[in-house]
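Trainee:
In my numbering, the protein residues as written are 3 to 320.
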């Protein structure tokens, strides 16, 4: 019987660091699978891409899930890899569901290279990724990669009868006017607002963007500065500008009365701590030589700073 859960943020191929974090929390390898006598891991997605030990990380995670020692939700990077590698049906203008642009090639480059000599292994993982849960609700907490939108989750369950995709839904999922596209965008990438007046901004990674990521827990926000949630700042003249009524209507509010929620995705920095008493982001930029972070969850309603644990990612993990 599991008496607690250890939630682990975005791994992005930092396989050695994952081993260090598991061992630090008292997990050990038995019959080839990491496990704990009393606890279970929940992975928040984004196992693949960027780091040097992607295949190793995938095997550790899947073995734990298959053995009943872990749960998992899909990250946007698993979804991206699947659609990048899935041929588009006849009638679509592109050969693959995710276009092979220079940017998309770069994002999946390390995953493709590290599995290049293991095609059967890779295809097996692609099949597994497709059907990973998109969100999970436990007795005392919830887990999703980027954003928990109750109305959209209820609609997804009503339409599809569960919390998973399957191969037959992939083509529909890339059609930008479909519900499933909007659902996956919200669940795997979070909420965002468009910059006003057709503006754009250049992020630290060199990408030019017309949208910025927003908090979905801001209570009665009035200004752009109240809702921005990303490493890149807004242009100075916009930062404190007032939100329009239309923009306010686009925002989501996950209130303080809701169950504790764990998310990844957002490239946090510094010492891990709750964002608000019932929300924790566990993505602390591991692959950028930050921290691979876990939260040791029991039955608390308010998340506690002292229950975060982490391993600093060494520069050798590249």
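We treat Cβ as the ideally placed atom computed from N, Cα and C, and that holds for glycine.
The structure presented is a predicted model; accordingly, all values stated were derived computationally and were not measured.
Per DSSP, what kind of secondary structure is residue 200 in: helix, strand or coil?
Mentor: Residue 200 sits at position 198 when you count from the first residue of the chain shown. Residue 200 falls in the helix class under three-state DSSP.
Trainee: Could you tell me which of 173, 132, 59, 151 sits nearest to residue 93, measuring between CA atoms?
Mentor: Here residue 93 corresponds to residue number 91 of the chain shown, with the count starting at 1. For the residues 173, 132, 59, 151, the minimum Cα distance to residue 93 belongs to 173.
Trainee: Below 8 Å on the Cβ atoms is my guess for residue 294 versus residue 23; work out the distance and round it to an integer in Å.
Mentor: Taking the chain shown and counting its residues from 1, the one referred to as residue 294 is at position 292. Taking the chain shown and counting its residues from 1, the one referred to as residue 23 is at position 21. Rounded, the Cβ-Cβ distance is 5 Å, consistent with contact.
Trainee: CB-CB under 8 Å to residue 278, same chain, minus the five flanking residues each way: which ones, in chain order?
Mentor: As a first step, residue 278 must be located in the chain shown, where it is residue number 276. Correct list, in chain order: 219, 258.
Trainee: Could you tell me which of 263, 296, 288, 109 sits nearest to residue 308, measuring between CA atoms?
Mentor: Indexing the chain shown from 1 puts residue 308 at position 306. That would be 296, whose Cα lies nearest to the Cα of residue 308.
Trainee: Pull up the CB-CB distance for residue 146 and residue 265, whole angstroms please, since I reckon it's below 8 Å.
Mentor: Position 144 of the chain shown, counting from 1, holds the residue named residue 146. Position 263 of the chain shown, counting from 1, holds the residue named residue 265. At roughly 6 Å, the Cβ-Cβ gap stays under 8 Å, so residue 146 and residue 265 are in contact.
Trainee: Any idea what DSSP makes of residue 287, helix, strand or coil?
Mentor: Counting from one through the chain shown, the residue named residue 287 turns up at place 285. In the structure shown, residue 287 sits in coil (DSSP, three-state: anything other than H, G, I, E or B).
Trainee: Short of 7 Å in beta carbon distance, which residues of its chain neighbour residue 1, apart from the five on each side in sequence? Order them along the chain.
Mentor: The requested residue 1 is not part of the displayed model; the chain covers only 3 to 320.
Trainee: Would you kindly work out how many angstroms separate the C-alpha atoms of residue 318 and residue 54, rounded to a whole number?
Mentor: To locate residue 318, count along the chain shown from 1; it is residue 316. To locate residue 54, count along the chain shown from 1; it is residue 52. Going by the C-alpha atoms only, they are around 9 Å apart.
Trainee: Could you have a look at residue 312 and say whether DSSP puts it in helix, strand or coil?
Mentor: Counted from its first residue, the chain shown places residue 312 at position 310. Here residue 312 sits in strand by DSSP.
Trainee: Pick out whichever of 312, 249, 243 has its Cα sitting closest to the Cα of residue 275.
Mentor: Within the chain shown, the letter at position 273 stands for residue 275. Nearest option by C-alpha distance: 312.
Trainee: Kindly list the residues whose CB is nearer than 7 Å to the CB of residue 20, restricted to its own chain and excluding five residues on each side of it in sequence; keep chain order.
Mentor: Locating residue 20 in the chain shown gives position 18, counting from the first residue. Once the five neighbours on either side are set aside, the close Cβ partners of residue 20 are 13, 59, 62, 294.
Trainee: Note down, one range per segment and in chain order, each alpha helix (DSSP H) of at least 4 residues found wholly within the region 210-277.
Mentor: The qualifying runs are 226-229, 238-241, 247-252.
Trainee: Please name the residue, chosen from 91, 165, 143, that lies closest to residue 280 on a Cα-to-Cα basis.
Mentor: As a first step, residue 280 must be located in the chain shown, where it is residue number 278. The shortest C-alpha separation from residue 280 is found at 143.
Trainee: Would residue 15 pass as a contact of residue 190 if the rule is Cβ separation under 9 Å?
Mentor: Numbered from its first residue, the chain shown carries residue 15 at position 13. Numbered from its first residue, the chain shown carries residue 190 at position 188. It is not a contact, given that the beta carbons lie outside the stated cut-off.
Trainee: Using a Cβ-Cβ cutoff of less than 8 Å, which residues in the same chain neighbour residue 240 once the five nearest sequence positions on both sides are dropped?
Mentor: For the purposes of this step, residue 240 is identified with residue 238 of the chain shown, where counting begins at 1. Sequence-distant partners of residue 240 (beyond 5 residues in either direction) whose C-beta falls short of 8 Å from its own C-beta, in its chain, are 197, 198, 201, 226.
Trainee: Can you give the Cα-Cα distance for residue 97 and residue 124, rounded to whole angstroms?
Mentor: Looking up residue 97 in the chain shown gives position 95. Looking up residue 124 in the chain shown gives position 122. Computed Cα separation, rounded: 20 Å.
Trainee: Starting from residue 112 and walking both ways along the beta strand (DSSP E), at which residues does that stretch end?
Mentor: Here the question's residue 112 lines up with position 110 in the chain shown. In the DSSP annotation of this structure, residue 112 is not part of any beta strand (DSSP E); the continuous alpha helix (DSSP H) holding it starts and ends at 104-117.
Trainee: May I ask you to check if the CB of residue 102 is nearer than 8 Å to at least one heavy atom of the ligand FAD?
Mentor: No copy of the ligand FAD occurs in the structure displayed, which carries no ligand at all.
Trainee: So within the region 123-173, which uninterrupted beta strand (DSSP E) runs reach at least 3 residues, ignoring any that extend past its ends?
Mentor: 137-139, 144-146
Trainee: With a cut-off of 8 Å on the beta carbons, I'd call residue 252 and residue 195 a contact; round off their distance for me.
Mentor: In the chain shown, the residue the question calls residue 252 occupies position 250. In the chain shown, the residue the question calls residue 195 occupies position 193. Residue 252 to residue 195, Cβ: 6 Å. Contact.
Trainee: Closest to residue 139 by CA distance: which of 131, 128, 152, 110 is it?
Mentor: Position 137 of the chain shown, counted from the first residue, corresponds to residue 139. Selected option, being the one with the closest Cα: 152.
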